[in-house]
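J.:
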Amino acid sequence: MQFGEGNFLRAFVDWQIDKLNEQTGLNAGVAIIRPIDYDTLPLLNTQDGLYTSIIRGINEQGESVSNERIISCVNEEIPIYKEFDKYLQLAESEDLKLIFSNTTEAGIEYISEDSLTDKPAKAFPAKLTQWLFHRFNHFNGASDRGMIIIPCELIDYNGEKLKEIVLKYCQLWDLPSEFVSWLNEHNYFCSSLVDRIVTGFPRDEHQHLQEQFGYYDNFMVTAEYFHLFVIQGPQHLADVLCLEGSDVNIKIVDDIAPYKQRKVAILNGAHTAMVPLAYMANIDSVGEALASPLIEKYVSKLIFDEIIPTLSLPKDELQVFANDVLNRFRNPYICHLLMSISLNSMTKFKTRLLPQLEQYIVDNKTVPALIATAIAGQILFYRGERNGQSIELSDSPEWITLFKSIWQQHQDGAITLKELVSSVLGAKWHWDKDLNELTGLTDLVTEQLNSMLTTSVEETLSKQVEL
Numbered sequence: 027m028q029f030g031e032g033n034f035l036r037a038f039v040d041w042q043i044d045k046l047n048e049q050t051g052l053n054a055g056v057a058i059i060r061p062i063d064y065d066t067l068p069l070l071n072t073q074d075g076l077y078t079s080i081i082r083g084i085n086e087q088g089e090s091v092s093n094e095r096i097i098s099c100v101n102e103e104i105p106i107y108k109e110f111d112k113y114l115q116l117a118e119s120e121d122l123k124l125i126f127s128n129t130t131e132a133g134i135e136y137i138s139e140d141s142l143t144d145k146p147a148k149a150f151p152a153k154l155t156q157w158l159f160h161r162f163n164h165f166n167g168a169s170d171r172g173m174i175i176i177p178c179e180l181i182d183y184n185g186e187k188l189k190e191i192v193l194k195y196c197q198l199w200d201l202p203s204e205f206v207s208w209l210n211e212h213n214y215f216c217s218s219l220v221d222r223i224v225t226g227f228p229r230d231e232h233q234h235l236q237e238q239f240g241y242y243d244n245f246m247v248t249a250e251y252f253h254l255f256v257i258q259g260p261q262h263l264a265d266v267l268c269l270e271g272s273d274v275n276i277k278i279v280d281d282i283a284p285y286k287q288r289k290v291a292i293l294n295g296a297h298t299a300m301v302p303l304a305y306m307a308n309i310d311s312v313g314e315a316l317a318s319p320l321i322e323k324y325v326s327k328l329i330f331d332e333i334i335p336t337l338s339l340p341k342d343e344l345q346v347f348a349n350d351v352l353n354r355f356r357n358p359y360i361c362h363l364l365m366s367i368s369l370n371s372m373t374k375f376k377t378r379l380l381p382q383l384e385q386y387i388v389d390n391k392t393v394p395a396l397i398a399t400a401i402a403g404q405i406l407f408y409r410g411e412r413n414g415q416s417i418e419l420s421d422s423p424e425w426i427t428l429f430k431s432i433w434q435q436h437q438d439g440a441i442t443l444k445e446l447v448s449s450v451l452g453a454k455w456h457w458d459k460d461l462n463e464l465t466g467l468t469d470l471v472t473e474q475l476n477s478m479l480t481t482s483v484e485e486t487l488s489k490q491v492e493l
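The sequence shown begins at 27 in the working numbering and counts up by one.
(1) Going by the CB atoms, is the gap between MET478 and ASP421 shorter than 7 Å?
(2) At 3 residues or longer, and completely inside the stretch 115-153: list those beta strand (DSSP E) runs for me, N to C.
(3) Exposed or buried, ASN166, counting other C-beta atoms within 10 Å across all chains shown (16 or more means buried)?
(4) Whose C-beta lies closer than 7 Å to the C-beta of ASN85 among residues of the same chain, with five residues either side of it excluded?
(5) For GLY261, does the three-state DSSP call read helix, strand or coil?
(6) Which stretch, first to last residue, makes up the alpha helix (DSSP H) that contains ASN210?
(7) Does DSSP classify ILE191 as helix, strand or coil?
(8) Give the secondary structure of ASP221 by DSSP, where H, G and I count as helix, E and B as strand, and everything else as coil.
(9) Considering only the beta carbon of each residue, do ARG356 and GLY295 sit closer than 7 Å?
(10) Give the DSSP bridge partners of TYR77, in chain order.
(11) For LEU24 versus TYR324, is the C-beta spacing smaller than 7 Å?
(12) Straight-line CA distance for ALA398 to ILE405?
(13) In the DSSP assignment, what residue or residues form a beta bridge with PRO105?
(14) Between GLU103 and ILE58, how many whole angstroms is the CB-CB distance? I'm expecting something under 8 Å.
(15) I'd like the span of the beta strand (DSSP E) that includes LYS45, first residue to last.
(16) Taking the DSSP output, what are the residues bridged to ARG412?
(17) Do GLN287 and ILE333 count as a contact pair if the criterion is CB distance below 7 Å?
(18) Taking the C-alpha atoms as reference points, what is the distance between GLY410 and THR248?
(19) So ASP450 is in the alpha helix (DSSP H); what residue range does that whole segment cover?
(20) For LEU316, which residues of its own chain have a beta-carbon under 6 Å away from its beta-carbon, when the five flanking residues on both sides are left out?
(21) Taking just the CA atoms, how far does TRP41 sit from ARG82?
(22) Name the DSSP beta bridge partners of GLN28, please?
(23) Restricting to runs no shorter than 4 residues, where is the alpha helix (DSSP H) found entirely within the stretch 272-303?
(24) Ignore the nearest five residues each way along the sequence and tell me which others in LEU369's own chain have a CB closer than 7 Å to its CB.
(25) Give me whichever residues DSSP pairs with ILE486 in a beta bridge.
(26) Could you give the residue range of the alpha helix (DSSP H) that holds VAL351?
(27) When the distance is taken between beta carbons, is PHE347 closer than 7 Å to ARG222?
(28) With DSSP as the reference, label PHE255 as helix, strand or coil.
(29) Run the CB neighbour count on TRP455, radius 10 Å, all protein chains shown included, and call it buried at 16 or more, exposed below.
(30) Locate the alpha helix (DSSP H) running through ILE397, then write down its first and last residues.
(31) Let's test the definition: count the other Cβ atoms within 10 Å of the Cβ of ASN210 and tell me whether it reaches 16, buried, or not, exposed.
(32) Between the stretch 272-286 and the stretch 297-308, do at least 3 Cβ pairs fall closer than 8 Å?
(33) Can you tell me which of the three DSSP states SER368 falls into?
(34) Since SER90 sits in a beta bridge, which residues does DSSP pair it with?
(35) If you count every other CB in all the chains shown that lies within 10 Å of the CB of SER203, and 16 or more means buried, which is it?
(36) Does the separation of the CB atoms of CYS99 and GLY55 fall below 7 Å?
Right under this line is the structure:
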């Protein structure tokens, strides 16, 4: 059962289930629950649950690929606000073992006004509690009728958060202690990490694709080639999903934390470091940046020389992921504008690259030069101009005000460039510490920023990556 009929689940979870059905004989069908009350979009039932996934990007061999697949694993879509009883009847199925969800980050919420007798309750966790309680009653609390519940919402430890709210509804509704024990002992709320860019309905190409395929399809969905699904759950889940012998990238692990750290540091960290440098080098998109030998070399060296050595997963696994990331950046089917990634870059730097900066210094007793260059690039970007044209900066008012002030002071000759850099690195209200205390960092960032101002970003990077 799946809460959510949107593009992401259809191009991620349903696509993987469909492949597992073909490759391993999983033989699983999906009942999609439309969790909100709207009629603007038709149900998948109008196409017998069938739709086309179009997966495009750069494969492991560096080749541009486009793979089309008719997804046939969806049995039905149930509009819960119109067919609540049918939704509850699914709880009586002996074959049902898994529940997936993607109700957006706001979907995992607690609404105290929700009632057990609502048809349905408003919040997704409340709807789920209604369903699980019906299942508990129908099977008289049988230990082998518990569920594996895998939320895909983009919040940390989403499984734990979902379970926490379900238990709050048990308390609110004064549900029996036997039901709470059944939830705790025979159901698994699995936290997950999902990774795939789903570009959604191909609006501009829709007519052409229908003519190419020779059939009508109003539910087409496009996504990038790469996919990763990390699930913190019981090892027997691998058997439930019949993962052996498949090529889907699903990992069942004891803790998703190292995989989250890997994604944040390598994928997101590389984005954050690259954006200001590439943009100030007159590049506007991720694809263009990777097409530049200079930026591509910088990003590669940053990842392999300064980020990967700070992470805990096996080195070969990290290197494979890093190569996948570079191929994702090169994807010709996705135009990812640098300015759209630049939102709140200072906060992003703190979460994505500061841990690697500090760990690198601990391990090597020296400042990582390429991360220092990324900081210099950020400071240059936040001057707010490129080629004499203003840049529309998007960040907290505190940062916007600070950068405007210190750049004006520097322009007026009131502070030196090193003092400007020190003001940024010394912002304890943001970094929770004074980064000027990291030996050598202030001087190196100042040196790189001065090079960018007196020559160019390109010249500065050329000296570092030795093209």
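Beta carbons are placed, not taken as given, at the ideal position from N, Cα and C, and that holds for glycine.
Model, not experiment: these values are computed from the prediction.
T.: Walking through what the data contain:
(1) no
(2) 124-127
(3) exposed
(4) VAL91 and TYR251
(5) According to the sequence as given, residue 261 is Gln; it is not Gly. Residue state, collapsed to three classes: coil.
(6) 203-212
(7) helix
(8) strand
(9) no
(10) ILE97
(11) Nothing can be reported for residue 24: it is not among the residues displayed for the chain, which extend from 27 to 493.
(12) 11 Å
(13) ARG60
(14) 4 Å
(15) Unbroken run through LYS45 is the alpha helix (DSSP H), 39-50; no beta strand (DSSP E).
(16) GLN415
(17) no
(18) 35 Å
(19) Strictly speaking, residue 450 in this sequence is Val, with Asp absent from that position. 443-451 is the extent of the alpha helix (DSSP H) around VAL450.
(20) GLU322, PHE355 and ARG356
(21) 14 Å
(22) ILE58 and PHE126
(23) 283-288
(24) SER420
(25) Sequence inspection shows Thr at residue 486; the Ile mentioned does not correspond to that position. For THR486, which the question treats as bridged, DSSP gives no partner whatsoever.
(26) 341-355
(27) no
(28) strand
(29) exposed
(30) 395-407
(31) exposed
(32) no
(33) coil
(34) ILE84
(35) exposed
(36) yes
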